[in-house]
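Asker:
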Amino acid sequence: MLNIEYYKDELKEIIIRNIGINAITGKPKMCDDLFCLDCVFNDRDACSPKKVEQWLQSEHVEQVDWSKVKVDTPILVKDTEEGEWQKRHFSGVKNGKVYAWHDGLTSWSAIGGCERSWKYAKLAESED
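In my numbering, each residue's number is its place in the sequence shown (first place is 1) plus 42.
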């Protein structure tokens, strides 16, 4: 028997207690390498083991490569998992965070500083 098989329950518990998922990239990270506010498992500033378990048992969803998205592309954004998606236009990626122009503005109509980052973002065309 392989160690991974023998210790599967212990290893699963270690993963559940120490893993985070970057809300923008969708990639797993060790908790020590990720700010809690940037983690999809953050639940009122505490990690939710239930959310980790749900993620482990869910189907993989391909993430958007935001570096390839054109400025002014329509996107949907929100800051909380429970929040409603808001329509915005993509303005760029900075430090791994997706930015969008305020209140439906675009690069053509926005005046300097009219953008902000969002915790959750997806392409508007992916809306079902």
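For each residue, glycine too, the CB sits at the ideal point set by N, CA and C.
Only a predicted model underlies this, so the values are computations on that prediction, with no experimental measurement involved.
Would you decide whether residue 49 is buried or exposed? Buried here means 16 or more other CB atoms lie within 10 Å of its CB.
Answerer: Reading the sequence shown from its first residue, position 7 is the one you call residue 49. The residue in question, residue 49, is exposed, as its Cβ has fewer than 16 Cβ neighbours within 10 Å.
Asker: Would you be able to state if there are at least three C-beta pairs under 8 Å between the stretch 73-81 and the stretch 116-132?
Answerer: Output reads no: the stretch 73-81 does not touch the stretch 116-132.
Asker: Within a Cβ cutoff of 6 Å, which residues of the same chain sit near residue 77, ignoring the five residues on either side of it in sequence?
Answerer: Within the sequence shown, numbered from 1, the residue matching residue 77 stands at position 35. Hits under 6 Å: none found.
Asker: At what residue ranges does the stretch 64-100 contain a whole run of the beta strand (DSSP E), taking only runs of 3 or more?
Answerer: Complete beta strand (DSSP E) runs here, min 3: 70-72.
Asker: So what does DSSP say about residue 146, is it helix, strand or coil?
Answerer: Here residue 146 refers to the residue found at position 104 when the sequence shown is read from its first residue. Residue 146: helix per DSSP, three-state reduction.
Asker: From the DSSP output, read off the bridge partner residues of residue 56.
Answerer: Stepping through the sequence shown from its first residue, residue 56 is reached at position 14. According to DSSP, residue 56 bridges with nothing at all.
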